[in-house]
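Residue numbers (the working numbering), protein chains in the order written: chain A, 4 to 265; chain B, 1075 to 1354.
Structure first, then comments.
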Amino acid sequence: MHSCAQTNIQLFNQLRQDAYSDGDLKLVRHAYELAMVLFSGRFQPSGKCFIAHVIGTASILAWLRLPAPVVAAGLLHNAYGNGDFGDGRKGPTRSRRRRIRESLGPEVETYVAKFSALYWERDIRSARHNPDMLSSIDRAVFLILFADHLEHLVDYDVLYYEERNARGYIDHSIIAAEIVAKLGLPEFAIKLKETAREMQCGELPVKLPEPRDRNGSVVIVPESCRKRLFVRLRENLIVAATKIQRKFRSVIKSPTETYARS
Amino acid sequence: MHAYAQTNIQLFNQLQSEGYSEEERELVHRTYEFAMPLFTGLFLPSGKGFIDHLVGTASILASLHTRIEIVAAGLIHAAYLHGDFGGATKGVSDAKRKKVRDAVGEKVEDYVNRYDRLPWGTREAIQTVDDHLADLGPIDRQVLLMRLANELEHELDLGNLYGNKSEIEQKTHQRHMESYGPMLVSMAKRLGAFRLATEIATASKNVASTRLPVVACIGTKHRGAYLVTPASYRQRLWVTFCTKARDSFQLCLEAPQGMHQKVSRVQHLFRTAFHRTGKA
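Quick look at the structure:
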């Protein structure tokens, strides 16, 4: 069994052992309290609780002895992508950013916002070639991304994903190992490389259930709960608006195409 | 970090390495799939996910190489107490039992049902179980083993200690463990689970000697498991109504008893006061 934390208690125990201060513990606890609200009921395609994944990511960052705001950001790294803010929206909206900033401070929020804006193909290329040119914030954000990858690999979580996706994680981790080594974290690089290698011959201990979407996380709602009317309305409105937009575009496009053909 | 699983993936990996067959692992997998909607969004006062606790309990049972039905039952041991079956009622009902039976089979359900009926919670109840341990049948002995695994899981990572919000509360819990731990150890020994006994003894000692910073404790007033509803969702209206009605009814029932206790307290104070004045 691997040794990165999977529960808040294991993470707090780890931070205590690693001599993080009481102030650091308080910040991480606040981040966890927010994560509980944002990721409650969310599960990975493997059935693992999403909250265990973010704790694992934070635990890896703590293992690297990174400062508490980075560990706290690790707990919320996917807040804008998967967090349920109850507003029926997606992405880093102004109100969402304000909420994280007010509860955890601007530094943590900057990491979380930068993480959500990361795009592997574009950003990794520059990091791979010029790792020394990275600012301290970008460096921390990349480390959060690589910790996230390692967390997916370390307990065979990616094996439960669709093959293409799993392959992507493994390949990315090998590149990540290369960058991490250049950043002066050889232990982390070895761990990434070894885990990626193990994963290539890893086997699932159980048969997967009926085919289901195995690419993203899902929310499993308690049976005694239902979606709020406001959120349902907003989501329906967004769907309707997108449909109208698409129709409108196709109407505009078709006369132009007819004109071009003629 | 202790060696027991805290996530389903770790549990499946453990079962494979402990030599449980593919069929047996499938049963645990099926049980976990059943547990997901039942305990989703549920947290312990320490902030730990309830599902993690269930997985931990199953993992302890698996490490003792118990039968797979017991491991599976460990995974849903609190189904009747905390499981969300979509209604407002708590506890066992025929409909709930049927649902569990259909999902995981009769044997597993029987263990879970017996677990729910096992008297526990107060010192007297535990003492009664301890006194009558020799009279327990083979199935009930396994159910008691599940209970002990549950207790160990709560203490193993200092979870219960993290659930206390002040130093005084933490000290009270430590004192409680000092007196309660040896009882659990003796029960585990009498069940023949010597490894479990050793682990409980170590965990109790660890709880008693640890000083936790209060800043690491989650800020909640809940004393038991509680639901954190995803922000886009809310409890169904009729469930809220029934729960509130039930709670108010219970309050009304308890009120006369509370009043009686208050009156007796005042009477006692008066009597002692008069007694003192008389002496003076």
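Just so it is clear, CB atoms sit at the ideal spot from N, CA and C, and this is done for glycine as well.
query: Considering tyrosine 83 (chain A), what are the terminal residues of the alpha helix (DSSP H) in which it resides?; result: 82-85
query: Thinking leucine 188 (chain A) and leucine 67 (chain A) are a contact (beta carbons under 8 Å), I'd like their distance in whole angstroms, please.; result: 6 Å
query: Considering Cα atoms alone, identify which of A:Met39, A:Thr10 and A:Ala71 is closest to aspartate 25 (chain A).; result: A:Ala71
query: Is any beta-carbon of chain A found at less than 8 Å from that of proline 1287 (chain B)?; result: yes
query: Three Cβ pairs or more, each shorter than 8 Å: is that satisfied between the segment 237-257 of chain A and the segment 1109-1126 of chain B?; result: no
query: According to the Cβ coordinates, are glycine 77 (chain A) and leucine 64 (chain A) closer than 8 Å?; result: yes
query: Helix, strand or coil, according to DSSP, for glycine 1123 (chain B) in the structure here?; result: strand
query: Suppose you measure from the CA of glycine 1293 (chain B) to the CA of glutamine 1248 (chain B); what does that come to, to the nearest Å?; result: 20 Å
query: Use the C-beta contact count for methionine 1261 (chain B): other C-beta atoms within 10 angstroms, 16 or more gives buried, fewer gives exposed.; result: buried
query: Can you tell which of A:Leu153, A:Ile178 and A:His80 has the C-alpha that lies nearest to the C-alpha of leucine 41 (chain A)?; result: A:His80
query: Do we get a CB-CB distance below 8 Å when we pair cysteine 269 (chain A) with the residues of chain B?; result: Beyond the ends of chain A as shown, which are 4 and 265, falls residue 269 (chain A); an answer cannot be given.
query: Look at the Cβ atom of histidine 1103 (chain B), then the Cβ atom of valine 209 (chain A), and state whether they are nearer than 8 Å.; result: yes
query: Please work out which residues of its chain come closer than 6 Å, Cβ to Cβ, to methionine 202 (chain A), disregarding the five sequence neighbours upstream and downstream, and give them in chain order.; result: Leu156 and Ile173
query: At a Cβ cut of 8 Å, what residues of the segment 1221-1252 of chain B count as close to chain A, listed as they run along the chain?; result: Asp1231, Leu1232, Gly1233 and Tyr1236
query: Sorted by chain position, which residues of the same chain lie with C-beta nearer than 8 Å to methionine 1220 (chain B)'s C-beta, five sequence neighbours on each side aside?; result: Thr1131, Leu1135, Ile1144, Ala1147, Gly1148, His1151, Tyr1185 and Tyr1189
query: Kindly identify the DSSP beta-bridge partner or partners of glutamine 1244 (chain B).; result: In the DSSP output, where bridge partners are listed per residue, glutamine 1244 (chain B) has none listed.
query: Between alanine 55 (chain A) and threonine 1081 (chain B), how many whole angstroms is the CB-CB distance? I'm expecting something under 8 Å.; result: 5 Å
query: Check the C-beta distance from arginine 225 (chain A) over to aspartate 1205 (chain B) and give it rounded, since I have them as a contact under 8 Å.; result: Reading the sequence as shown, one finds proline at residue 225 (chain A) and not arginine. Their Cβ separation, rounded to whole angstroms, is 39 Å, which puts proline 225 (chain A) and aspartate 1205 (chain B) out of contact at 8 Å.
query: Would valine 1289 (chain B) pass as a contact of lysine 1239 (chain B) if the rule is Cβ separation under 8 Å?; result: no
query: Determine the chain B residues that contact aspartate 267 (chain A) at a beta-carbon separation under 7 Å, and present them in chain order.; result: The displayed coordinates of chain A run from 4 to 265. Any statement about residue 267 (chain A) would go beyond what the structure contains.
query: Mind listing the chain A neighbours of isoleucine 1125 (chain B)? Cutoff is C-beta to C-beta under 8 Å, in chain order.; result: Cys52
query: Restricting to Cα atoms, I'd like to know which of B:Gln1244, B:Arg1320, B:Ala1305 and B:Leu1089 is closest to threonine 1284 (chain B).; result: B:Gln1244
query: For isoleucine 127 (chain A), which of A:Leu107, A:Gly108, A:Pro109 and A:Leu148 has the nearest alpha-carbon?; result: A:Leu148
query: When the Cα of tyrosine 1094 (chain B) is compared with those of B:Leu1325, B:Leu1116 and B:Thr1140, which residue comes out closest?; result: B:Thr1140
query: Is there a Cβ from chain A that is less than 8 Å from the Cβ of tyrosine 1300 (chain B)?; result: no
query: Can you check whether the CB of leucine 195 (chain A) is closer than 8 Å to the CB of tyrosine 163 (chain A)?; result: no
query: Between the C-alpha atoms of glutamine 47 (chain A) and methionine 39 (chain A), what's the straight-line distance to the nearest angstrom?; result: 15 Å
query: Are the segment 127-140 of chain A and the segment 22-37 of chain A in contact at 8 Å, needing three or more beta carbon pairs?; result: no
query: Tell me whether the beta-carbon of arginine 1297 (chain B) lies closer than 8 Å to the beta-carbon of arginine 231 (chain A).; result: no
query: If the cut is a Cβ gap below 9 Å, which residues of chain A does isoleucine 1042 (chain B) touch?; result: A question about residue 1042 (chain B) goes unanswered here, because the residues of chain B that appear run from 1075 up to 1354.
query: Candidates B:Leu1258, B:Lys1164 and B:Gln1324: which alpha carbon is nearest threonine 1202 (chain B)'s?; result: B:Leu1258
query: What does DSSP give as the partner residue(s) for valine 222 (chain A) in the beta ladder?; result: A:Arg45
query: Which residues in chain A sit within 8 Å of asparagine 1087 (chain B), going by Cβ to Cβ distance?; result: Met4, Asp158, Tyr159 and Pro208
query: Just to confirm the assignment, what range does the beta strand (DSSP E) spanning glutamine 1309 (chain B) have?; result: 1307-1309
query: Counting Cβ pairs, one atom from each stretch, are 3 or more of them under 8 Å apart for the segment 1226-1237 of chain B and the segment 1269-1281 of chain B?; result: yes
query: At 4 residues or longer, and completely inside the segment 10-38 of chain A: list those alpha helix (DSSP H) runs for me, N to C.; result: 11-20
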